[in-house]
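Q:
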Ligand SMILES: [Zn+2]
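Numbering (my numbering), first residue to last: 10 to 120.
Quick look at the structure:
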């Protein structure tokens with residue numbers, strides 16, 4: 010029963026994921042779960058097709074469903090990685106002081 014609850018919980022997050030509205034904590038758990046859960050990945054694929062896919066088809070663009078969704082998941086991975094890097098840099102900055110903050114400000118600007 011607990012297993013099923015987890016799926017329902019993640020499947021409720023799908024619309025928010027598709028709208029890029031998940032916070033860092035939920036996004037981390039969500040991406041990790043759908044990557045390993047065929048059931049939730051299937052649900053995500055369906056909702057993605059219904060939303061984004063149909064929009065694109067209406068606009069007359071050619072549309073590769075799996076590629077589009079994979080790009081979205083990879084974009085989420087990139088965001089999470091960047092978040093982790095920033096967290097690490099912030100902690101480092103606190104340890105190193107003002108000089109590091111300046112370096113990070115420059116890096117953020119470049120990124
Ligand atoms: Zn699941």
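For every residue, glycine included, the Cβ atom is placed at its ideal position computed from N, Cα and C.
Within the present structure, is the beta-carbon of residue 19 separated from the nearest heavy atom of ligand 1 by less than 7 Å?
A: As a position in the chain shown, residue 19 is number 10, starting the count at 1. Residue 19: yes, Cβ under 7 Å from ligand 1.
Q: From which residue to which residue does the alpha helix (DSSP H) around residue 67 run?
A: Stepping through the chain shown from its first residue, residue 67 is reached at position 58. First-last of the alpha helix (DSSP H) with residue 67: 63-67.
Q: Which residues, in chain order, sit with a beta-carbon under 5 Å away from any heavy atom of ligand 1?
A: 16, 46, 48 and 49
Q: Using the C-alpha atoms, what's the distance from residue 56 back to residue 48?
A: The residue given as residue 48 occupies position 39 in the chain shown. The residue given as residue 56 occupies position 47 in the chain shown. Going from the Cα of residue 48 to the Cα of residue 56 covers about 13 Å.
Q: Let's test the definition: count the other Cβ atoms within 10 Å of the Cβ of residue 23 and tell me whether it reaches 16, buried, or not, exposed.
A: Sequence index remark: in the chain shown, residue 23 carries index 14 (1-based). The residue is buried, with at least 16 neighbouring Cβ atoms inside 10 Å.
Q: Just the Cα atoms here: how many angstroms apart are residue 106 and residue 89?
A: Locating residue 106 in the chain shown gives position 97, where the first residue counts as 1. Locating residue 89 in the chain shown gives position 80, where the first residue counts as 1. Going from the Cα of residue 106 to the Cα of residue 89 covers about 25 Å.
Q: Under the three-state reduction of DSSP, which class applies to residue 32: helix, strand or coil?
A: Along the chain shown, read from residue 1 onward, the residue named residue 32 stands at position 23. If DSSP states are grouped into helix, strand and coil, residue 32 belongs with coil.
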